[in-house]
Amino acid sequence: RKEVEQDPGPFNVPEGATVAFNCTYSNSASQSFFWYRQDCRKEPKLLMSVYSSGNEDGRFTAQLNRASQYISLLIRDSKLSDSATYLCVVNIKGGSQGNLIFGKGTKLSVKP
Amino acid sequence: GAVVSQHPSWVICKSGTSVKIECRSLDFQATTMFWYRQFPKQSLMLMATSNEGSKATYEQGVEKDKFLINHASLTLSTLTVTSAHPEDSSFYICSARLAGGVGTQYFGPGTRLTVL
Chain A
1 RKEVEQDPGP
11 FNVPEGATVA
21 FNCTYSNSAS
31 QSFFWYRQDC
41 RKEPKLLMSV
51 YSSGNEDGRF
61 TAQLNRASQY
71 ISLLIRDSKL
81 SDSATYLCVV
91 NIKGGSQGNL
101 IFGKGTKLSV
111 KP
Chain B
1001 GAVVSQHPSW
1011 VICKSGTSVK
1021 IECRSLDFQA
1031 TTMFWYRQFP
1041 KQSLMLMATS
1051 NEGSKATYEQ
1061 GVEKDKFLIN
1071 HASLTLSTLT
1081 VTSAHPEDSS
1091 FYICSARLAG
1101 GVGTQYFGPG
1111 TRLTVL
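One line per chain: the protein sequences are A and B, in this order.
Residue 112, in this note's numbering, is where the first sequence stops; the numbers in between run on with no holes.
Residue 1116, in this note's numbering, is where the second sequence stops; the numbers in between run on with no holes.
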């Protein structure tokens, strides 16, 4: 079983749509969780950290369910510029130290 | 702040040659740098953790004699792919963590290596 699993997509949605991505992780010792965004042929960039209480940053909402080892990202009112691959990332050693384990990513394509 | 650069951004070389990739933290000191590799449509995979002034720690399956890492200063780590072969063609990305061991990892823009 892969350590971090994501639906690869692609998700093709119209502008203004709401889209949700899911991610599961296998290591129950995972302590930190993140969503990164990666544009084609570019490095990944941190989108947001994910907390158990859930957190929101503008149009982006992230949720964590430790019991189910499940992470989600919700994007509301999609923009063309949201088109990218979204990477679910976990850190087993906690905080921002140690190794980051990346999922393969979910590709989002927002169409006009 | 927290800018990480990589050089070169892309390189094409012949099979059997060695290629050096530099990773620099431009406006901060990085005790630890990480080297990742990403094949097309695959996830980033950690290759090694590079600590300033000491030997790198390699992940399982990564040949330390093939991927030489040097972290001689708090702002520079280098990855040398020795005797490169076509299967080494990939996107190599470094990241740097602030000195003191806290804070997020900041990623470089990556180096695309193509071995003919």
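All C-beta atoms in this analysis are idealised placements derived from N, C-alpha and C, irrespective of residue type, glycine included.
Owing to the predicted nature of the structure, the values given are computational and were not obtained by experimental measurement.
Residue contact check for glutamate 43 (chain A) against chain B: a CB pair falls below 8 Å.
Across the structure, proline 8 (chain A) and leucine 73 (chain A) are spaced so that their CA atoms are roughly 14 Å apart. Using a CB distance cut-off of 8 Å, leucine 1044 (chain B) counts as an interface residue toward chain A. For phenylalanine 102 (chain A), the enclosing beta strand (DSSP E) covers residues 100 to 102. Assignment of proline 8 (chain A) by DSSP, reduced to helix, strand and coil, places it in the coil class.
Within chain A, the residues Glu43 have their CB atoms less than 7 Å from the CB of isoleucine 1093 (chain B), given in chain order. Residue contact check for proline 1040 (chain B) against chain A: no CB pair falls below 8 Å. Exclusion of the five residues before and after aspartate 57 (chain A) leaves Met48 as the residues of its chain whose Cβ lies within less than 7 Å of its Cβ.
Phenylalanine 33 (chain A) is a Cβ neighbour of valine 90 (chain A), given a cutoff of 8 Å. The continuous stretches of beta strand (DSSP E) do not include asparagine 27 (chain A), and DSSP gives it neither H nor E. Nearest in C-alpha terms to phenylalanine 1028 (chain B), of all of B:Lys1064, B:Trp1035 and B:Ser1095, is B:Ser1095.
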